[in-house]
Amino acid sequence: MNSSSSKLFILSTSFLLSISSITSDSVLDNFLQCLPIHSNTSNPITNSIYVPNNSSFQYLYELRANNLRITSSSTISKPLAILTARHASHVQAAVICAKIHSIQLRIRSGGHDYEGLSYISDIPFVILDLFNLRSIKINITSETAWVQAGATTGELYYKISEKSKVHGFPSGVCTTLGIGGHFTGGGYGNMIRKYGLSIDNVIDACLIDVNGTIHNRKSMGEDVFWAIRGGGGTSFGVILSWKIKLVHVPRKVTVFKVQRTLDQGATDIAYSWQHIAPKLPKHLFIRLQPEPITIGNGNKTIRVSFIGQFLGRSRKLMNLMNEEFPELRLQQNDCIEMSWVESTLFWAGFTNGTSIDVLLNRVVENKVFFKTKSDYYKNVIPKQGLVMLWEMLMDIGNIFVQLNPHGGRMDEISETETAVHQRGGYLFKVQYTVYWSESDGGIGAAKRYVEMSRRLYGAMAQYASSDPREAFLNYRDLDIGCNESNDTDFGVAEVYGTKYFNNNFMRLARVKAMVDPENFFKNEQSIPPLPSSH
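Counting with mature numbering (1 follows the signal peptide of the UniProt record, and there is no 0), you get residues -24 to -1, 1 to 510 for the letters of the sequence shown.
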């Protein structure tokens, strides 16, 4: 048991007898008394229930609530209870009882929802926390694995490396992401150009529907299986686990990080990157990451990092870069060869030589306040646009921006293959994240930093995709449209839904109407059932 889990106070089986003394809320009383009736008696659900007067409640709530902008707000409501499911029947009971007693469920696996929708709501709610459902079963013979929703990306990478040095999986670079939520939003990583998104390598799933019934791909049907791959699974049910197809990786991959300032021609190289990166061979991925820095004389400038991964040895990479991207002037000593699992540490920001055991760390450390927005680009940003971007970054200061190239495998997959529409024709996706700490003003500075984020987003509109201006679901942004916590207006949903899913939104709404016509599974940006009038 790790130090985080050892802190958790486990309620005794006598918990149920003292419910009335714990809360005067009869609705919650009834919900809590309902749970054991609908769960497996050999796995007591009472050992997994936490209410506000429990000494571990606040700790457990904050442990997987990763945006201080959300958790520090004085206006947010805390859950009536947290149910840390340890068995599939716990999840079934939570769904059945919440539906019976009209309590909203918020479903959390890793807690990385950028707007906190997995752990906040404006109406009475219960958090269904899946973090303890973390089994990973790998079958190298069939090159597949079953991964439960509460497992993290880091744990998945570690478990794969225990079984094979020539297999991997295309997923996010952050190693504390919960698999459940990460995959339902698509699953974006540095092997996207070779193998596509995580969901492009998912072959089955285990889903609990609104009636508490467990389904696999066959019983849920292809429409639902399509929808949960990229459409946000919490609109359609609770994902218990995914069956994934492992991908082949070489024994050695090559990574590099080359940095250039404005005085070193960063603007020209960044402009060239937009033309080159989406057209490189599939096994090469190069991220562009500009950041404002202060130089020796106290003046600000921009430093652009070109962060790359090549599925092969450095000698071949050097030949390729000299031919395809000579402007970067990559040198042999910029290149580091390592195993694929070691490369996941490089991308997560760990120093070279760090033990892969850090992949087993399951919670975010050094949390900050942040606000993120996203864009997709179909055309290059002209040099004057880059100069404008640099100036705004220097003005904001506390910001990181990532430009991630598409192309390769993404160009080969139809926009209707999964719920993720953004495939061929997109050059790159951008994440803009403004961040700050307590020393920068904490929650009191939120309005100022969020406004700076919106001003940057507004300035980039002239270069980004349009009609609609598209966004990435896993970089959730309530600014693009949202409903009330318990009232899903279809017209409002169509606005944000079209930005996330483009033409796939209407199919998602039709699937929703099939499996959850009363809209039990909902949040501020969930998929609503398609009205009969459409």
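Here a beta-carbon is modelled for each residue, glycine too, at the ideal position from N, C-alpha and C.
For a test of the three-state rule: what should DSSP assign to residue i, helix, strand or coil?
| i | result |
| --- | --- |
| N115 | strand |
| V334 | helix |
| I357 | coil |
| P302 | helix |
| F466 | helix |
| E341 | coil |
| G86 | coil |
| C182 | strand |
| S24 | helix |
| E38 | helix |
| G154 | strand |
| I168 | helix |
| P507 | coil |
| L106 | coil |
| R236 | strand |
| L449 | helix |
| Q80 | strand |
| I96 | coil |
| S53 | strand |
| I271 | coil |
| T17 | coil |
| V149 | coil |
| T47 | helix |
| F33 | helix |
| M490 | helix |
| T327 | coil |
| L296 | helix |
| L173 | coil |
Do you know offhand how far residue i's Cα is from residue j's?
| i | j | result |
| --- | --- | --- |
| F326 | T151 | 11 Å |
| G213 | L11 | 18 Å |
| I136 | F145 | 8 Å |
| residue 511 | L222 | Outside the displayed range of the chain (-24 to 510) lies residue 511, so it cannot be described from this structure. |
| R431 | L306 | 35 Å |
| L81 | A121 | 28 Å |
| M294 | L287 | 13 Å |
| S442 | L56 | 41 Å |
| N187 | I72 | 6 Å |
| A469 | G434 | 21 Å |
| R236 | E388 | 33 Å |
| R452 | E38 | 19 Å |
| T160 | G207 | 6 Å |
| S315 | L8 | 48 Å |
| I83 | A74 | 12 Å |
| H88 | E341 | 13 Å |
| K139 | D333 | 15 Å |
| T474 | T210 | 18 Å |
| N275 | E494 | 58 Å |
| D98 | A489 | 24 Å |
| I278 | Q398 | 29 Å |
Residues bridged to residue i by DSSP?
| i | result |
| --- | --- |
| M314 | V229 |
| H224 | H143 |
| K498 | Bridge partners of K498: none, in fact. |
| Q265 | S281 |
| Y411 | F346 |
| K219 | W122, D180 |
| I190 | I184 |
| S128 | A small fix is needed here, since residue 128 is Thr in this sequence, not Ser. Per DSSP, G154. |
| H286 | With the sequence shown as reference, residue 286 is identified as Phe, and His is not the correct amino acid for it. Answer is T230, L260, bridged to F286. |
| G460 | What sits at residue 460 in the sequence shown is Glu, not Gly. In DSSP, E460 forms a bridge with D463. |
| F101 | Q80 |
| K405 | Y352, N380 |
| V214 | I184 |
| T60 | D105 |
| K276 | T270 |
Handout entry: Three CB pairs or more closer than 8 Å across the region 243 to 250 and the region 148 to 163
Key = no
Handout entry: Stretch-stretch touch, CB-based, cutoff 8 Å, three pairs: the region 253 to 262 with the region 363 to 374
Key = no
Problem - Stretch-stretch touch, CB-based, cutoff 8 Å, three pairs: the region 63 to 81 with the region 15 to 30 - result: yes
Handout entry: Every unbroken alpha helix (DSSP H) inside the region 348 to 402 [4 residues or more]
Key = Those alpha helix (DSSP H) runs which fall completely within the region 348 to 402 and span 4+ residues are 359 to 372.
Practice task
Give a yes or no on contact between the region 190 to 201 and the region 161 to 170, applying the rule of three or more CB pairs nearer than 8 Å.
Solution key: no
Handout entry: Validate contact between the region 273 to 288 and the region 87 to 106 using beta carbons, cut 8 Å, 3 pairs
Key = no
Problem - Contact the region 491 to 504 vs the region 224 to 232: 3+ CB pairs below 8 Å - result: no
Handout entry: Touch test, the region 397 to 405 against the region 338 to 358, Cβ-Cβ under 8 Å, three pairs minimum
Key = They touch, by the three-pair rule.
Problem - Touching by the beta-carbon criterion (3+ pairs, under 8 Å), the region 111 to 121 and the region 19 to 31 - result: no
Handout entry: Three-pair Cβ contact test at 8 Å for the region 101 to 112 versus the region 170 to 184
Key = no
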